[in-house]
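Trainee: I'd like to ask some things about the structure below.
In structure tokens form, the structure reads like this:
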């Protein structure tokens, strides 16, 4: 039995920090990185297992700890000595990057990973090149630089072709699927997850197949392929139940709750019961998991319970669950997280439905700021569109409505989103009609007609055409 050098309490060899005194433990670098390497979106480890908990590597207690500073100072001395002696410094730089990551100092983590990568390329050390590219991809993904993340995961995949390591290849395909899912590119996300699943099943990699199908479910929900979602959920739940994996069971039941929610009104009660039972299960194992892990599991339960209560006009319960979801996200995030944008948007819509326009506008603004940091132009445009609608329909401030609609329109057009562009153009036409600026209104109605024609929306095209004809008939 190993003991913590700080508090002398028993520790497990896979721990990266002492769970008694929260001090970081000096572990073997390659083992530590390989635990994190190729981590897919879903973790299979459950609280009672002897594997590393999902959030160990990312533990917030590691930030600015004296021991990290001490080890960084030691590494700096070793790097200086290695440079003088002309030794390769890749391993030391990799460890240094890991420590900076634990401090949430991403710029320095990236800088040292890039330096480590150059060293490993000089050595032609393929395994460490793979580790470096994958780590760079994970950090770029977390910080919202998705193009860079995709580039480094692609490079990881190309190096893995030479190693013929199908397990790692499946996991990197999952990493790529994760990034594309985050940028709402469901077509590419689906393709990478499906490729990963095909390879896992072809090679009889049951665990990797379950991990991948768990990720794939999220895309299939977005694509409304509910029949396949049902089959995958059934298989996953049987797998996790057979191996008594509480963590996996909880994650699968959360997805069941979301699945029933998306099936519509007839299934809302089943969704509610499923999500409540998940919260009870999480509560029953709360002493076996960290606070961060607990909040990672709870946030979506709270979010969808908020949606359900909002649909049922239970305003107090809805607001309570939405705020609990926001609190959960802010507990496990260390910097801004795309999930926070999702929750803030849900709160904004809730306040909008309640008629609390000022609060709704504020929360749409908060959500937009998060989406801006992650470069999600579609969501930014949608937030501006919602704010414009509030100014137009409820506050009746046409000038501000025009401002937000035009900003949203510019983004929708840049994204070639003809459907939303048409909606905005039509709304701008209506506003200019109310202002008796008929020439301006005609310009926007004509544009809307073109957009509706492009997407073959005959109903709305005819409505706009009627408005155009009406205006032309009234012209002197």
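Numbering (this note's numbering), first residue to last: 1425 to 1900. Cβ coordinates follow ideal geometry from the N, Cα and C atoms, glycine included. These numbers were taken from a predicted model, which means no experiment stands behind them.
Taking a contact to mean a Cβ-Cβ separation below 8 Å, would you say residue 1553 touches residue 1583 in this structure?
Mentor: Between residue 1553 and residue 1583, the C-beta gap is smaller than 8 Å, which places the two residues in contact.
Trainee: Just reading off the alpha helix (DSSP H) that residue 1574 is part of, what are its end residues?
Mentor: 1570-1587
Trainee: What are the start and end residues of the alpha helix (DSSP H) that includes residue 1618?
Mentor: 1610-1626
Trainee: For the candidate residues 1663, 1721 and 1707, whose alpha-carbon lies nearest to that of residue 1681?
Mentor: 1721
Trainee: Can you grab the Cα-Cα spacing for the pair residue 1805 / residue 1550, in whole Å?
Mentor: 43 Å
Trainee: Identify, in the order they occur along the chain, each residue of the same chain with its Cβ nearer than 8 Å to the Cβ of residue 1879, setting aside the five sequence neighbours on each side.
Mentor: 1842, 1843 and 1846
Trainee: Sort 1796, 1794, 1691 and 1779 by Cα distance to residue 1815 and report the nearest one.
Mentor: From the listed residues 1796, 1794, 1691 and 1779, the smallest Cα separation to residue 1815 is found for 1779.
Trainee: In its own chain, which residues sit with a C-beta less than 7 Å from the C-beta of residue 1775, not counting the 5 before and 5 after it?
Mentor: 1783, 1784 and 1787
Trainee: Rank 1635, 1866 and 1661 by C-alpha distance to the C-alpha of residue 1592 and give the top, closest one.
Mentor: 1635
Trainee: What's the gap between the Cα of residue 1580 and the Cα of residue 1572?
Mentor: 12 Å
Trainee: Is it true that the CB of residue 1568 sits closer than 8 Å to the CB of residue 1799?
Mentor: yes
Trainee: Quick one: is residue 1642 buried, meaning 16 or more other Cβ sit within 10 Å of its Cβ, or exposed?
Mentor: buried
Trainee: Hey, which unbroken runs of the alpha helix (DSSP H) at 4 residues or more fall wholly within the region 1817-1896?
Mentor: Taking 4 residues as the minimum length, the alpha helix (DSSP H) runs contained wholly in the region 1817-1896 are 1822-1838, 1842-1858 and 1862-1878, in order along the chain.
Trainee: Given residue 1606, which residues of its chain have a CB within under 8 Å of its CB, disregarding the five upstream and five downstream residues?
Mentor: 1565, 1570, 1762 and 1798
Trainee: Taking residue 1694 as part of the alpha helix (DSSP H), name the residues at either end of that continuous run.
Mentor: 1692-1708
Trainee: Whole angstroms is fine: what's the gap from residue 1802's alpha carbon to residue 1824's?
Mentor: For the pair residue 1802 and residue 1824, the Cα-to-Cα distance works out to about 20 Å.
Trainee: Hey, quick one: how far does the alpha helix (DSSP H) through residue 1629 stretch, first residue to last?
Mentor: From DSSP, residue 1629 is part of no alpha helix (DSSP H); its letter is neither H nor E.
Trainee: Please state if the CB of residue 1684 and the CB of residue 1694 are separated by a distance shorter than 8 Å.
Mentor: Yes, the Cβ-Cβ distance between residue 1694 and residue 1684 is below 8 Å.
Trainee: Does the region 1701-1719 come close enough to the region 1661-1668 to have 3 or more Cβ pairs within less than 8 Å?
Mentor: no
Trainee: Whose C-beta lies closer than 7 Å to the C-beta of residue 1796 among residues of the same chain, with five residues either side of it excluded?
Mentor: So the list reads 1804, once near-sequence residues are dropped.
Trainee: Using the three-state DSSP reduction, which class does residue 1676 fall into: helix, strand or coil?
Mentor: helix
Trainee: Just to check my reading of the structure: residue 1676 and residue 1715 have Cβ atoms closer than 8 Å, yes? What is that Cβ distance to the nearest angstrom?
Mentor: Not a contact, Cβ separation roughly 22 Å.
Trainee: Between the Cα of residue 1833 and those of 1807, 1817 and 1821, spot the shortest distance and give me the residue it belongs to.
Mentor: Checked all of 1807, 1817 and 1821; the closest Cα to residue 1833 is 1807.
Trainee: Between which two residues does the alpha helix (DSSP H) containing residue 1647 stretch?
Mentor: Where residue 1647 is concerned, there is no enclosing alpha helix (DSSP H), given that its DSSP letter is neither H nor E.
Trainee: Spatial neighbours of residue 1724 within its chain, please: CB distance less than 6 Å, with the 5 preceding and 5 following residues excluded, ordered by chain position.
Mentor: 1678
Trainee: Output needed for residue 1608: all residues of its chain with C-beta closer than 7 Å, excluding positions within five of it in sequence on either side, in chain order.
Mentor: 1802
Trainee: Are the beta-carbon atoms of residue 1699 and residue 1657 separated by less than 8 Å?
Mentor: no
Trainee: Going straight from the alpha carbon of residue 1619 to that of residue 1590, what length do you get?
Mentor: Cα-Cα distance, rounded: 12 Å.
Trainee: Residue 1895 and residue 1852 - do their beta-carbons sit closer together than 8 Å?
Mentor: no
Trainee: May I have the straight-line CA-CA distance separating residue 1882 from residue 1854, to the nearest angstrom?
Mentor: 19 Å
Trainee: Can you tell me whether DSSP reads residue 1549 as helix, strand or coil?
Mentor: coil
Trainee: Output yes or no for whether 8 Å exceeds the beta carbon distance between residue 1594 and residue 1629.
Mentor: Cβ distance < 8 Å, so residue 1594 and residue 1629 count as in contact.
Trainee: Taking residue 1785 as part of the alpha helix (DSSP H), name the residues at either end of that continuous run.
Mentor: 1781-1797
Trainee: Could you tell me if residue 1860 is buried or exposed, where buried requires 16 or more neighbouring beta carbons within 10 angstroms of its beta carbon?
Mentor: exposed
Trainee: Please classify residue 1516 as buried or exposed, where buried requires at least 16 neighbouring CB atoms within 10 angstroms.
Mentor: buried
Trainee: Is it buried or exposed, residue 1697, if we count other Cβ atoms within 10 angstroms and call 16 or more buried?
Mentor: Exposed is the call here.
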